[in-house]
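In the UniProt record's numbering, the protein residues as written are 1 to 211.
The C-beta atom is built at its ideal place from N, Cα and C for all residues, glycine as well.
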Ligand SMILES: Cc1cc2nc3c(=O)[nH]c(=O)nc-3n(C[C@H](O)[C@H](O)[C@H](O)COP(=O)(O)O)c2cc1C
């Protein structure tokens with residue numbers, strides 16, 4: 001039995017979002033295919049994702065200096081433990097689905113805050129004399145992203161920093177089997193929006209068969 005973590009970074013209702021609609025189609029098809037698997041849904045807009053701020057640095061600093069967890073302030077404790085929970089939840093999963101909208105050439109800031117909780121030295125990667133090494137091997141991921149314009153071809157592909165960045169980050173922590181389903185061009189070609197969505201839903205259902 002595998003554990004799939006379904007991570008969404010979109011404040012919109014599902015029926016008003018291209019990415020979330022395609023994501024749900026993927027998840028429904030995946031569940032049908034893998035009824036025994038455990039699926040955990042993590043909506044980044046409905047849960048606490050702490051920023052790495054002064055409290056977090058102070059908390060981490062105290063722990064590094066050998067202080068007991070009890071010696072952290074209430075805010076330091078709360079933020080450090082929530083980050084630990086998110087890191088551990090990520091490590092425990094076997095498969096990941098990230099669902100994001102393109103916002104200003106990448107993805108919403110909650111997604112970046114979440115990435116900051118899963119790139120943790122000593123837990124998801126480590127430094128060696130020969131450079132860093134990802135520790136999360138044998139896992140796979142899918143990124144579903146919706147975009148108003150078209151960025152999968154030149155010249156706009158150079159402006160795409162969401163899918164490429166996510167793949168770079170996942171590779172850094174050891175996850176190299178990463179596919180993408182891109183739903184794009186709905187704002188550029190509004191008359192084709194429904195067709196673009198339907199095509200992506202079919203693609204998602206296909207990908208789900210072998211994910
Ligand atoms: C804050 C914001 C920034 C956006 N930036 C871009 C962008 O840089 N490029 C683009 O093609 N579309 C951009 N869009 C349009 C969205 O990518 C598009 O509406 C997409 O369908 C959003 O995904 P969703 O339908 O799942 O919410 C932006 C939308 C918002 C709300």
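Inspect the beta-carbon positions of residue i and residue j and report whether they are closer than 8 Å.
{"i": "residue 110", "j": "residue 9", "result": "yes"}
{"i": "residue 144", "j": "residue 184", "result": "no"}
{"i": "residue 175", "j": "residue 139", "result": "yes"}
{"i": "residue 22", "j": "residue 200", "result": "yes"}
{"i": "residue 101", "j": "residue 19", "result": "yes"}
{"i": "residue 83", "j": "residue 173", "result": "no"}
{"i": "residue 3", "j": "residue 92", "result": "yes"}
{"i": "residue 124", "j": "residue 142", "result": "no"}
Going by DSSP, which residues form a beta bridge with residue i?
{"i": "residue 178", "result": "141"}
{"i": "residue 146", "result": "101 and 183"}
{"i": "residue 134", "result": "125"}
{"i": "residue 3", "result": "38"}
{"i": "residue 96", "result": "5 and 141"}
{"i": "residue 106", "result": "103"}
Given a threshold of 16 other Cβ atoms within 10 Å of its Cβ, counted over all protein chains shown, does residue i qualify as buried or as exposed?
{"i": "residue 88", "result": "exposed"}
{"i": "residue 57", "result": "exposed"}
{"i": "residue 35", "result": "exposed"}
{"i": "residue 48", "result": "exposed"}
{"i": "residue 13", "result": "exposed"}
{"i": "residue 208", "result": "buried"}
{"i": "residue 29", "result": "buried"}
{"i": "residue 69", "result": "exposed"}
{"i": "residue 146", "result": "buried"}
{"i": "residue 54", "result": "exposed"}
{"i": "residue 196", "result": "buried"}
{"i": "residue 133", "result": "exposed"}
{"i": "residue 168", "result": "exposed"}
In chain order, which continuous runs of the beta strand (DSSP E) of length 3 or greater are located wholly inside the segment 7-94? Secondary structure remark: continuous beta strand (DSSP E) runs of at least 3 residues inside the segment 7-94, in chain order: 38-43.
Just jot down, in chain order, the residues whose CB lies closer than 6 Å to any heavy atom of ligand 1. Neighbourhood of ligand 1, defined by CB distance below 6 Å to any of its heavy atoms: 10, 12, 17, 18, 19, 20, 101, 102, 103, 104, 105, 146, 147, 148, 149, 186 and 187, in chain order.
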